[in-house]
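Residue numbers in the sequence shown follow full-length UniProt numbering, run continuously in steps of one, and reach 138 at the last position. To keep things clear, I will list the structure first and then write my remarks on it.
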Amino acid sequence: MSVETNKELVRRFYEAIQQENYEALKEFCHKDFVFYPQVDTPFYGVEGLIESEKKNFDATPNFKMPLKAMVAEGDQVAVYFTFEGTHTGIPFGGIPATGKNVKFSLMMLLKIVDGKIIEKRAHFDRYDILKQLGANLL
1 MSVETNKELV
11 RRFYEAIQQE
21 NYEALKEFCH
31 KDFVFYPQVD
41 TPFYGVEGLI
51 ESEKKNFDAT
61 PNFKMPLKAM
71 VAEGDQVAVY
81 FTFEGTHTGI
91 PFGGIPATGK
101 NVKFSLMMLL
111 KIVDGKIIEK
121 RAHFDRYDIL
131 KQLGANLL
């Protein structure tokens with residue numbers, strides 16, 4: 001696939017996430033999909049990704065994740081977002097709903113194989129999120 005085709009696939013993938021269209025996510029992901037959220041502890045299969053995204057919506061129901069930049073080379077696409085939302089739902093990191101707004105940057109690196117996303121790696125500053133929610137981090 002071309003770099004532009006890969007970028008369009010990733011754009012549509014993140015649109016499906018924002019629309020909570022979990023059936024579409026299954027179509028975008030390769031049968032051997034692996035998701036690495038923050039650290040190298042993988043979730044195997046698209047169901048782990050869907051569970052993670054549902055938790056994001058459950059913790060911050062109004063969250064938005066506008067795409068700020070995208071760079072691609074070969075079979076990899078890197079995406080930069082800002083995540084913005086209000087923590088009104090389920091606990092995040094053990095912290096009950098605070099009603100506080102959170103905003104943070106995150107980077108994603110996705111690998112494409114056979115026209116499907118086979119790997120997604122998420123990188124963000126968990127400490128910054130917990131600090132914004134008022135966690136006692138000392």
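From the three backbone atoms N, C-alpha and C, an ideal C-beta is built for every residue, glycine too.
Neighbourhood of L133 by C-beta, 8 Å cutoff - its chain only, sequence neighbours within 5 removed: H87, F92, G93, I95, T98, K100, V102
Backbone CA spacing between A78 and G89 [nearest angstrom]: Distance between the alpha carbons of A78 and G89 is about 29 Å.
Beta-bridge pairing of K116 - partner residues as DSSP gives them: Paired residue(s): V113.
Validate contact between the stretch 65-85 and the stretch 2-21 using beta carbons, cut 8 Å, 3 pairs: yes
Distance CB(K131)-CB(H30) smaller than 8 Å: No, Cβ-Cβ distance for K131 and H30 is not below 8 Å.
Residue closest to E27, alpha-carbon to alpha-carbon, out of I118, R126, N136, S105: Residue nearest to E27 within the set I118, R126, N136, S105 is I118 (criterion: CA-CA distance).
Collapsed DSSP secondary structure at Q132 in the structure displayed: helix
Residue nearest to Y14 in terms of C-alpha spacing, selected from A135, D32, P66: Answer by Cα proximity: P66.
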